[in-house]
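Numbering (the numbering used here), first residue to last: 478 to 626.
All residues carry an ideal CB built from backbone N, CA and C; glycine is no exception.
None of these values were measured; they are calculated from a predicted model.
In what follows, a single structure is set out as structure tokens and then discussed.
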Ligand SMILES: [Fe+2]
């Protein structure tokens with residue numbers, strides 16, 4: 478009976494997607510990165526959104542996908558991000574989150590709805606590779622975009 482429940486739960490989790498990637502994992506740590514990337518693919522358009530995966534927020538891409546500009550001067554990297562989104566008391570961008578190519582947190586910029594526009598600026602030293610910016614709307618969730626340095 479227990480094994481039947483486990484089988485059912487496991488099958489349900491596999492149908493559900495992302496969680497199955499963790500539950501059925503039981504594999505060497507070396508494959509975790511691949512599993513995480515698979516999970517991210519499953520969650521794109523569901524838990525977080527992008528221009529090509531707007532999910533339930535289709536039509537809101539223009540006002541939520543953060544625009545990214547990278548300027549590089551030798552080892553100095555300046556990352557600027559902007560979300561073309563209003564900053565109203567009931568609807569605003571809470572923060573921008575900068576992540577490295579493996580989605581590790583680097584820095585964030587929290588916005589004050591009263592005084593800030595949703596624009597951020599990050600200075601990095603010697604970074605090479607892909608960067609992700611997450612832009613978090615209080616109503617329409619987290620949107621990501623990326624750029625390569
Ligand atoms: Fe929004």
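*Where does the unbroken beta strand (DSSP E) through residue 557 begin, and where does it stop?*
Within the chain shown, residue 557 is the residue found at index 80, counting from 1. Unbroken beta strand (DSSP E) run through residue 557: 553-559.
*In the DSSP assignment, find the beta strand (DSSP E) that holds residue 584 and state where it starts and stops.*
The residue you call residue 584 lines up with position 107 of the chain shown. Residue 584 -> beta strand (DSSP E) spans 582-587.
*For residue 584, I'd like the list of residues in its chain whose CB is within less than 7 Å of its CB, leaving aside the five on either flank, ordered along the chain.*
Along the chain shown, one-based indexing puts residue 584 at 107. The beta carbon of residue 584 sits closer than 7 Å to the beta carbons of 575, 599 from its chain, once the five residues preceding and following it are set aside; these are given in chain order.
*Taking Cβ positions, are residue 570 and residue 592 nearer each other than 7 Å?*
Counted from its first residue, the chain shown places residue 570 at position 93. Counted from its first residue, the chain shown places residue 592 at position 115. No, they are not a contact pair.
*In this structure, what does DSSP give as the bridge partners for residue 546?*
Here residue 546 refers to the residue found at position 69 of the chain shown. DSSP, once it has assigned bridges, lists 557 as partnering residue 546.
*Reducing DSSP to helix, strand and coil, say where residue 519 ends up.*
Stepping through the chain shown from its first residue, residue 519 is reached at position 42. Taken through DSSP and simplified to helix, strand or coil, residue 519 comes out as helix.
*Tell me which same chain residues have a C-beta within less than 8 Å of the C-beta of residue 511, skipping the five on either side of it?*
Here the question's residue 511 lines up with position 34 in the chain shown. So the list is empty, once near-sequence residues are dropped.
*What whole-angstrom Cβ distance do residue 572 and residue 613 have, given they're in contact under 8 Å?*
In the chain shown, the residue the question calls residue 572 occupies position 95. In the chain shown, the residue the question calls residue 613 occupies position 136. Right, the Cβ-Cβ distance comes to about 5 Å (below 8 Å), so this counts as a contact.
*Is residue 608 buried or exposed, if buried means 16 or more other CB atoms sit within 10 Å of its CB?*
Walking along the chain shown from the start, residue 608 turns up at place 131. Flag for residue 608 reads buried.
*At which residues does the beta strand (DSSP E) containing residue 572 begin and terminate?*
Within the chain shown, numbered from 1, the residue matching residue 572 stands at position 95. Taken as a continuous stretch (DSSP letters only), the beta strand (DSSP E) holding residue 572 covers 570-576.
*Please determine, among 580, 626, 606, 605, the residue with the shortest C-alpha to C-alpha distance to residue 516.*
Counting from one through the chain shown, the residue named residue 516 turns up at place 39. For residue 516, the nearest C-alpha among the options comes from 580.
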